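Listed in order, the protein sequences are those of chains A and B. For the first sequence, our numbering gives the first residue as 623, with consecutive numbering after it. For the second sequence, our numbering gives the first residue as 623, with consecutive numbering after it.
Number of protein chains: 2
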Amino acid sequence: MNSNDITKIDAFFNPSSLAIFGSLREIMGTAFWAIKNLQDFGFSGNIYPINPAAEKYDGVRGLKVYSDICDISGRIDLALILTPPETVPGIVKKCGEKGVKAIIILSEGFAESGEVGAGYQSQAVEFARNADMRIMGPNTFGVVNPSNGLFTIPPYVDNEKLEDGGIAVCSQTGSIGPHQMPLQDWSFPISKMCDIGNKCDVDETDILNYLANDQETKVIAMHLEDVRDGTRFMEAAQRVTKIKPLVVLKAGRSQAGGKAAASHTGSLMGNDKIYDAAFKQTGIIRVNTWREFWEVPRTLVCQPLPKGNRFAVMTFTGGQGILAVDAASDAGLSIAKFTKETDKKLKHVFHRLGSNPVDIGPAISDSRSQSAANPFETIETVSSIFLNDKSVDCATFTCYMGKHLIGLIPMLVDMFDKLSKNSSKAMNVWIYGTCLQSMEEFGRQLQKRNIPYYFDMDIAVKTHGYAAQYAEYRRSNK
Amino acid sequence: MNSNDITKIDAFFNPSSLAIFGSLREIMGTAFWAIKNLQDFGFSGNIYPINPAAEKYDGVRGLKVYSDICDISGRIDLALILTPPETVPGIVKKCGEKGVKAIIILSEGFAESGEVGAGYQSQAVEFARNADMRIMGPNTFGVVNPSNGLFTIPPYVDNEKLEDGGIAVCSQTGSIGPHQMPLQDWSFPISKMCDIGNKCDVDETDILNYLANDQETKVIAMHLEDVRDGTRFMEAAQRVTKIKPLVVLKAGRSQAGGKAAASHTGSLMGNDKIYDAAFKQTGIIRVNTWREFWEVPRTLVCQPLPKGNRFAVMTFTGGQGILAVDAASDAGLSIAKFTKETDKKLKHVFHRLGSNPVDIGPAISDSRSQSAANPFETIETVSSIFLNDKSVDCATFTCYMGKHLIGLIPMLVDMFDKLSKNSSKAMNVWIYGTCLQSMEEFGRQLQKRNIPYYFDMDIAVKTHGYAAQYAEYRRSNK
């Protein structure tokens, strides 16, 4: 990607000014909501509402309304278009005259809806090419950038604040947005988000190349239904995976799914086996479910890559340990065999400790033992001993949370934070318990301190499996 | 299982009176908590606390304390023992003299902890056999029966009320109990729960035989680390699966997991392939993860078995539909091809409808269409049309929930309830959205009305796959 291309794509994520075309009617107007959302999320640039009936509005939410983009004296980096399809080509042409760099067509009703819409779409692309502008969409929610408050989503949004962090999410479905997912409740750390929609111009490879160079992005997660130009994408992916993890959910894996995808986007689907082989070759972490798409990046973004695939687990019951070991085997991890020194140190804490999985239960519940007198201290000591065993590459810690323990969350978070900071191993926490709200609050607090949490032990463990495979790829493809 | 055996096992779940041995110290005492929990959950039978220092207590929580079980004049069906291991054989002997039917040894420190403990365990078993009593445990939380308030769990419990329903859960880990899982938050419908612990006497087959005859139990979910007597278990399973679904999570699937299980319970593990083949042959629904163990029974307990494997799905975005179709293929479901009549009816509602997956998004968002004027009515009409297509056996409905929509929950629940009641097809709902609390509240309300909900689309769909396979087994093994 040359520097001109990067500047153009950057205008989608870091515009210093933007114009919004669409209905400004209070409550009912799409552009009205987009403006409100931009303001609520604290967008730092200038916002210019544009509406042919500008004279009707004595300003909208404190902003002057223009009837023509060319009437604006300042520079416009980005245009958001929320008007009906038939009006869009004309607006794109106008944007070209004004010297806009990038356009997001948020409206629906283009190639995805039939021939007429497809016509408007190609007209818009033609006007944009002539004026050296890039288009994202149509049929998209656009872009989210928590670091500058850019938030182009028009509908009402529950999430009031997004966590600024290292995960970039790019997709072909609007379902990834903060108007659709509980990102705030998850404390999901975001660098950039975008929905490339119909991909009439900007496609997955453009975004991938941009995110590769984006300093704020540590992990890239992409949901794809098709890949426009396979060779170009794979070349880009190969460069990216040498510097940061790329997690891909390729939808339409199954034959039936592929057919459904073709009818959804009008794109051609390749044979899934070809995708699979290409993804492996380029070090892409391929996940298979929507859940994994969200869960796997959360460990990758804040934990070191494991140096090998040797896994350890601490649980509160023996039964949980066995389930974790099954999950680890499924995920291609091996069960770490502790050194004799570790075994000795663990047995010194409590006689029944020593092997992996580490069942901490008896040590903290046997009222006749010293280890049960200070359960927190015991958990911390035991965790630290085996996490720092040289035969361990990654670990999952089980932690119980109930309504009556909510007051202990800060103490627990401090403990895991200390463990993580004093270790170079990849770790995450499986939270289980009796009360969803307390578990969720615990999870949020952990994630804010860069300790990834899971409510599903299998996914916590599987995440280490993915990370270990990717780390192995990195070592072999320096 | 003869009627005498059934009566004995029934004493564990439906005792009219019980004795509790253990510490009665307020706050710190294990038996104190067990009594408090029994009272809080409204246990309908008599409770007799027994403690050698009875004279110290002027009653505990309104109950007279006895120093010897034989001093009690009434009949005692069940004894709960919460005392240290070395005291347990003597207490079991005393129970025999009193004519107790069943004993739950809740304490730890027996076979699972070493030779000394194993000695106490076999002594206890010997005394019980001599007196024709049955023992559950040791190393267990015992039994939960929401219908009569029996709740033998000693520690503090967050769940204040459990949903009385059709799922029986039996396990070899204490982690299944309401002191460990968010059963109330899930509105998880329970008939019976038990943890068979060390299985010194009562084992999985005893429980299975009992639950087979239990009218309140519609689905049985078992977590097993080993099977004591394979032939006996498979014979029982074969009888059970002809009348109700049996979901089994067999832990220790992997070689490493098997080793871990052996060291946890001291039991021998069979080759997993043998289990797998035997489970298939007997119509057992084998799930592989802790998550599935809880999620799969929730559809089975309240929805009809599908008559075939033809799956339909309604989503709010095209992207979700493709993911659902991938999940369906993974789960062995085929994608239902709607009849021409259905296609016509759907197109009549909105021109872009017609095929499966059904993407309802455009029909309710295209402001120029009639279908968008009344989105609820449109969703209900469309759902009803394709759910009742003769080529559909089961369906998953996607439903969005956000903080701002919480007031609509009763309306949505009524709609799904009506759909379910007017159809003989198996259905469930995938809830996604922006706010976990609203999603959880929506889920609880749905489950209370016998509409199973999921936060994971893959599991919602997979559940239909398991149900379809089981239904096929039932048809072929009448």
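All C-beta atoms in this analysis are idealised placements derived from N, C-alpha and C, irrespective of residue type, glycine included. Since the model is a prediction, treat every value here as computed from it, not as a measurement.
Any beta-carbon of chain A closer than 7 Å to the one on residue i?
i	result
residue 997(B)	no
residue 898(B)	no
residue 781(B)	yes
residue 939(B)	yes
residue 879(B)	yes
residue 690(B)	no
residue 842(B)	no
Would you identify the three-state DSSP class for residue i, choosing helix, strand or coil?
i	result
residue 1026(B)	helix
residue 890(B)	For residue 890(B), the predicted model reports a pLDDT of 44, less than 50, meaning its position is unreliable and no value from the coordinates is stated.
residue 1010(B)	coil
residue 931(A)	coil
residue 779(B)	coil
residue 755(A)	coil
residue 692(A)	helix
residue 835(B)	helix
residue 923(B)	coil
residue 674(B)	coil
residue 1018(A)	strand
residue 936(A)	strand
residue 1097(A)	helix
residue 971(A)	helix
residue 998(B)	helix
7 Å is my cut-off, CB to CB: does residue i come that close to chain B?
i	result
residue 890(A)	Any reading at residue 890(A) must be qualified, since the residue scores a pLDDT of 44, below 50, and its modelled position is unreliable; the value itself is stated next. Answer no: the Cβ-Cβ gap between residue 890(A) and chain B never drops below 7 Å.
residue 722(A)	no
residue 1057(A)	yes
residue 857(A)	no
residue 873(A)	yes
residue 942(A)	yes
residue 1080(A)	yes
residue 826(A)	no
residue 1062(A)	yes
residue 945(A)	yes
residue 876(A)	yes
residue 807(A)	yes
residue 775(A)	no
Are the CB atoms of residue j and residue i within a distance shorter than 7 Å?
i	j	result
residue 849(A)	residue 855(A)	yes
residue 711(A)	residue 749(A)	yes
residue 759(A)	residue 667(A)	no
residue 871(A)	residue 915(A)	yes
residue 799(B)	residue 923(B)	no
residue 873(B)	residue 955(A)	no
residue 755(A)	residue 718(A)	yes
residue 1080(B)	residue 875(A)	no
Just grab the DSSP bridge partners of residue i for me.
i	result
residue 811(A)	785(A)
residue 868(A)	842(A)
residue 765(B)	816(B)
residue 851(A)	For residue 851(A), which the question treats as bridged, DSSP gives no partner whatsoever.
residue 909(B)	871(B)
residue 669(A)	640(A)
residue 1055(A)	1023(A)
residue 682(A)	685(A)
residue 1049(A)	1017(A)
Note down, in chain order, every chain A residue with its Cβ under 9 Å from the Cβ of residue i.
i	result
residue 778(B)	1024 and 1026
residue 1054(B)	797, 802, 803, 804 and 912
residue 644(B)	The premise fails here: residue 644(B) is roughly 12 Å from chain A at the closest Cβ pair, so nothing lies under 9 Å.
residue 953(B)	None at all; the shortest Cβ gap to chain A is about 10 Å.
Below 8 Å on C-beta distance, what does residue i contact in chain A?
i	result
residue 789(B)	Ordered by position in chain A, no residue passes the 8 Å Cβ test against residue 789(B), which lies about 18 Å from the chain.
residue 726(B)	Those within 8 Å of residue 726(B) in chain A number zero; the least Cβ separation is about 18 Å.
Along chain A, in chain order, which residues have C-beta atoms closer than 7 Å to that of residue i?
i	result
residue 685(B)	Chain A residues near residue 685(B): none, gap ~24 Å exceeds 7 Å.
Closer than 8 Å by beta-carbon distance: list the chain B residues that pair up with residue i, in chain order.
i	result
residue 794(A)	941
residue 984(A)	730 and 735
Which chain B residues sit within Cβ distance under 9 Å of residue i?
i	result
residue 847(A)	940, 941 and 944
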